[in-house]
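Heads up, the sequence shown is in this note's numbering, so the first residue is 2 and it goes up one at a time. C-beta atoms are modelled at their ideal positions from N, C-alpha and C, and glycine is treated no differently. The structure under discussion appears below in the form of structure tokens.
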Amino acid sequence: MYEGPIQDLIDELGRLPGIGPRSAQRIAFYILSADAEDVSRLSETLARVKRMARFCEVCFNVSAEERCRICADPRRDRTAICVVEESKDVGAVERTREFRGLYHVLGGAISPIDGIGPGDLRIRELCLRLADGTVSEVIIATDPNLEGEATATYLSRLLLDLGVQVSRLASGLPVGGDLEYADEVTLGRAFEGRRTIQPNRPVAAAEDPVAQPAAATGEG
Ligand SMILES: [Zn+2]
Numbered sequence: 002m003y004e005g006p007i008q009d010l011i012d013e014l015g016r017l018p019g020i021g022p023r024s025a026q027r028i029a030f031y032i033l034s035a036d037a038e039d040v041s042r043l044s045e046t047l048a049r050v051k052r053m054a055r056f057c058e059v060c061f062n063v064s065a066e067e068r069c070r071i072c073a074d075p076r077r078d079r080t081a082i083c084v085v086e087e088s089k090d091v092g093a094v095e096r097t098r099e100f101r102g103l104y105h106v107l108g109g110a111i112s113p114i115d116g117i118g119p120g121d122l123r124i125r126e127l128c129l130r131l132a133d134g135t136v137s138e139v140i141i142a143t144d145p146n147l148e149g150e151a152t153a154t155y156l157s158r159l160l161l162d163l164g165v166q167v168s169r170l171a172s173g174l175p176v177g178g179d180l181e182y183a184d185e186v187t188l189g190r191a192f193e194g195r196r197t198i199q200p201n202r203p204v205a206a207a208e209d210p211v212a213q214p215a216a217a218t219g220e221g
């Protein structure tokens with residue numbers, strides 16, 4: 002629609018998640034009219050994130066160093082690991098202030114439609130972290146959608162076989178959504194009300210549909 006560089010910029014911006022054609026156009030014209038200094042700072046930041054950001058060698062969260070700030074913090078509880086799909090979910094759980102343990106970022110969720118199986122996720126790395134027996138509880142905090150549930154079911158069976166206590170966030174999170182979009186209070190309650198998964202039992206979101214509504218809301 003436009004010529005040359007401005008159209009190139011609109012096209013590039015339009016490829017970003019959550020940015021439609023109209024937003025891409027608005028951002029492109031904003032950049033065109035912005036101070037040269039602001040624009041070069043933005044472009045340097047973009048280049049730097051690709052050059053310098055890396056993943057923590059322990060938990061695979063995004064990190065500026067070999068180990069992320071959470072793994073490097075001696076005050077964190079090393080007996081509990083919260084398993085999430087993506088780095089952005091670490092931020093969501095941290096904002097609830099309900100969890101003082103460590104994390105493990107899987108790098109996605111099991112999704113046969115997209116050709117993503119357990120081997121494509123950092124599950125082997127998680128099992129290796131459990132090998133020395135320091136960790137006594139693994140909390141599975143995958144997204145409350147189909148892929149997240151499939152991943153949670155797979156993981157809980159695998160981890161129970163390793164003899165570790167496995168828990169799953171309580172219900173109450175908006176189903177079909179993304180963990181990062183849950184508000185802090187809801188996510189915090191889901192965390193507090195997490196339930197331990199018993200060996201040799203299927204993973205059920207609502208184990209007892211008639212009793213204990215207090216347990217479901219994580220009231221306390
Ligand atoms: Zn880490």
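With a 10 Å radius around its C-beta and 16 neighbouring C-beta atoms as the bar for buried, classify residue i as buried or exposed.
i             : result
valine 204    : Only weak support is given to the placement of valine 204: the predicted model assigns it a pLDDT of 48, under 50, and the value that follows is read from those uncertain coordinates. It is buried - the Cβ of valine 204 has at least 16 other Cβ atoms within 10 Å.
glycine 21    : exposed
leucine 160   : buried
valine 136    : buried
glutamine 26  : buried
leucine 107   : buried
glutamine 213 : With a pLDDT of only 42 at glutamine 213, under the threshold of 50, the placement of this residue in the model should not be trusted, and no figure is reported.
threonine 143 : buried
leucine 50    : The question names leucine, but residue 50 in the sequence shown is valine. Classification for valine 50: exposed.
glycine 219   : Bear in mind that a pLDDT of 41 at glycine 219, under 50, signals an unreliable position, so the model cannot answer this.
valine 85     : buried
leucine 180   : buried
threonine 152 : buried
leucine 129   : exposed
tyrosine 3    : exposed
glutamate 87  : buried
proline 145   : buried
serine 41     : exposed
glycine 5     : exposed
serine 34     : exposed
leucine 122   : buried
leucine 17    : exposed
aspartate 90  : buried
leucine 225   : In this structure the chain extends from 2 to 221, so residue 225 is not present and cannot be described.
valine 94     : buried
alanine 81    : buried
For a cutoff of 8 Å on Cβ pairs, would you count residue i as touching chain D?
i          : result
serine 137 : Here there is only one protein chain, and chain D is not present.
Assuming residue i contacts residue j (C-beta within less than 8 Å), just tell me the rounded distance between them.
i              : j              : result
arginine 195   : isoleucine 117 : With a Cβ gap of about 25 Å, arginine 195 and isoleucine 117 do not count as contacting.
threonine 97   : leucine 188    : 5 Å
glycine 149    : alanine 191    : About 13 Å separates the two Cβ atoms, so there is no contact after all.
glutamine 166  : glutamate 193  : About 16 Å separates the two Cβ atoms, so there is no contact after all.
leucine 103    : cysteine 60    : 6 Å
cysteine 83    : cysteine 72    : Between cysteine 72 and cysteine 83 the Cβ distance is about 12 Å, and since that is not below 8 Å, they are no contact.
proline 119    : tyrosine 155   : 6 Å
isoleucine 198 : serine 168     : 6 Å
isoleucine 7   : alanine 37     : Not confirmed; about 16 Å, so no contact.
arginine 101   : aspartate 78   : 5 Å
Counting by C-beta, which residues lie closer than 5 Å to a heavy atom of ligand 1, in chain order?
-> Matched residues: Cys57, Val59, Cys60, Asn62, Cys69 and Cys72.
With contact counted as at least three CB pairs below 8 Å, one residue from each stretch, are the stretch 56-69 and the stretch 29-47 in contact?
-> Short answer: they don't touch.
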